[in-house]
Amino acid sequence: MLRLVKTRPSLRLGPSETAVIRVLDQERIDRINQDLTRAWKADVETTCVLSGILLLPCLILICLLDGPLFAKVILCTFLCLMVGGWCIAKWLNAQAQPRTDITGVQVEQLEGYFDRRWVRNGGKPYIEYSFGKHWLHIQTSACSFFSGDTQLKLNRRYRVDALYLTGHSSAYTGYYLLEETFKEIFDDSDLSATEKIQIAEREKRINQDLEEQHKRLYRLYRNPQGELEAVAIGFNFAACFLTVLWSYCVSLYWVTGLTLAALGLTLLIPDTGAGHHWFALGWLLSAGVFGACGNLWRERQVLSKGFVQVDALLSCNPDQAKVQYKRKVEEAAPGFGQ
1 MLRLVKTRPS
11 LRLGPSETAV
21 IRVLDQERID
31 RINQDLTRAW
41 KADVETTCVL
51 SGILLLPCLI
61 LICLLDGPLF
71 AKVILCTFLC
81 LMVGGWCIAK
91 WLNAQAQPRT
101 DITGVQVEQL
111 EGYFDRRWVR
121 NGGKPYIEYS
131 FGKHWLHIQT
141 SACSFFSGDT
151 QLKLNRRYRV
161 DALYLTGHSS
171 AYTGYYLLEE
181 TFKEIFDDSD
191 LSATEKIQIA
201 EREKRINQDL
211 EEQHKRLYRL
221 YRNPQGELEA
231 VAIGFNFAAC
241 FLTVLWSYCV
251 SLYWVTGLTL
261 AALGLTLLIP
271 DTGAGHHWFA
281 LGWLLSAGVF
291 GACGNLWRER
301 QVLSKGFVQV
311 DALLSCNPDQ
321 AKVQYKRKVE
331 EAAPGFGQ
């Protein structure tokens, strides 16, 4: 059950400045509850899908490596258990979260302007949206109000119905805006001179941010340098695929594995979310260390039994292997067997 509490009193308007207009009907309550719960399910589904996509090239790499079958089975089992454990942990964490229920939460009517600022969280910059002096709930998807057919303007004043929700973290605590209740306010005569100055400064700052953003996009995609960068990215991507095909055809499996690993890191790390790229990188490193240690152990076991390393064994040609073995023995002990 979500409660109305003041977690950010400096950013939330007082009771005299908000107007409770009604309590939501049951149909809308169910729809909002489903929308708020969808975030947990989407997080689990995204983790499982990305982990599965990342697991596939790792399994292909293991199959291409030279070595005994039992070592490959152990390594593949280890990676599958690791992925399965990660997905189960995410699912259990989602199940442990309290179920969202907005029954009894009152609807408030807010007035103000949207605002956007560049902020940093954990060293990573991102755009934070707010509505006047009010923090927004992460599931209200403020950025979606500025795209598509229902696009709203940052420099316009609006009146909207909202629910103040509290969650387990600051991101899930704030106002959840009801998109269908947006109404634009054209009369600003009730604003004081100070408020008009603040609005003008805010509008100037936002326009400058948008102009700089458009300049960056133009510089990236329109000018010759940007076109060359785009061509270079496409060329590198194609080169990776050609390297995979070529190395596999000429039996350079270690090159194939390295290229697949590079493709996996390049494609998946930017989309796995904050902090998850360390998990992906650690996953690949652990797989590489596990495989390298397994190969070294196998090599030492074989050599300790008196076997001699000959390249012909890789081709499974017995006659050539005998010739290579005899040459190795003669090099190690000249005159032996004569």
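Heads up, the sequence shown is in UniProt numbering, so the first residue is 1 and it goes up one at a time. Glycine included, each C-beta is placed from N, C-alpha and C at the ideal position. Only a predicted model underlies this, so the values are computations on that prediction, with no experimental measurement involved.
Buried versus exposed call for residue i [16 or more other C-beta atoms within 10 Å across all chains shown]
| i | result |
| --- | --- |
| Ser251 | exposed |
| Leu161 | According to the sequence provided, residue 161 is Asp. The question's Leu does not apply to it. Asp161 is buried by the Cβ-count criterion. |
| Tyr175 | buried |
| Thr77 | exposed |
| Phe70 | exposed |
| Phe186 | exposed |
| Leu136 | buried |
Of the residues the options, the one placed nearest residue i, counting alpha carbons only
| i | options | result |
| --- | --- | --- |
| Leu56 | Glu45, Leu79, Leu24, Tyr248 | Leu79 |
| Tyr253 | Gly67, Ile29, Asp25 | Gly67 |
| Glu195 | Tyr113, Leu210, Val107, Glu27 | Tyr113 |
| Glu108 | Tyr126, Glu203, His134 | His134 |
| Gln139 | Gln97, Leu178, Met82 | Leu178 |
| Arg202 | Ala42, Val73, Asp30, Asn155 | Asn155 |
| Lys41 | Asn93, Leu64, Thr173, Asp209 | Asn93 |
| Ala261 | Gln208, Ile185, Ile60 | Ile60 |
| Leu36 | Asp188, Thr173, Gly52 | Thr173 |
| Ile53 | Gln26, Val83, Leu64, Cys63 | Val83 |
| Asp190 | Ser170, Glu111, Thr259 | Glu111 |
| Gly132 | Ala96, Ile199, Gln97 | Ile199 |
| Leu24 | Gln106, Gln97, Pro98, Gln95 | Gln106 |
| Asp209 | Glu180, Thr181, Tyr126 | Tyr126 |
| Asp115 | Glu212, Lys215, Glu211, Ile206 | Ile206 |
Neighbourhood of residue i by C-beta, 6 Å cutoff - its chain only, sequence neighbours within 5 removed
| i | result |
| --- | --- |
| Tyr248 | Thr256 |
| Glu128 | Arg117, Val119 |
| Val244 | Thr256, Thr259 |
| Thr181 | Val160, Asp161 |
Chain-order list of residues whose beta-carbon lies under 8 Å from that of residue i (same chain, five-residue window excluded)
| i | result |
| --- | --- |
| Lys183 | Tyr158, Arg159, Val160 |
| Val73 | none |
| Trp91 | Val44 |
Same chain, Cβ closer than 7 Å to residue i, five either side skipped, listed in chain order
| i | result |
| --- | --- |
| Arg327 | none |
| Arg28 | none |
| Asn33 | Thr100, Asp101, Ile102 |
| Leu64 | Tyr253, Thr256, Gly257 |
| Ser170 | none |
Okay, do the segment 155-174 and the segment 93-106 touch, 3+ Cβ pairs below 8 Å being the bar? With the cut-off at 8 Å, the segment 155-174 and the segment 93-106 touch.
Can you confirm whether the segment 81-91 touches the segment 43-60 when touching is taken to mean that 3 or more C-beta pairs between the two stretches lie within less than 8 Å? Yes, the segment 43-60 touches the segment 81-91.
Which whole runs of the beta strand (DSSP E) in the segment 64-125 are 3 residues long or more, in chain order? The DSSP assignment places 107-121 as complete runs of the beta strand (DSSP E) inside the segment 64-125, in order along the chain (cut-off: 3 residues).
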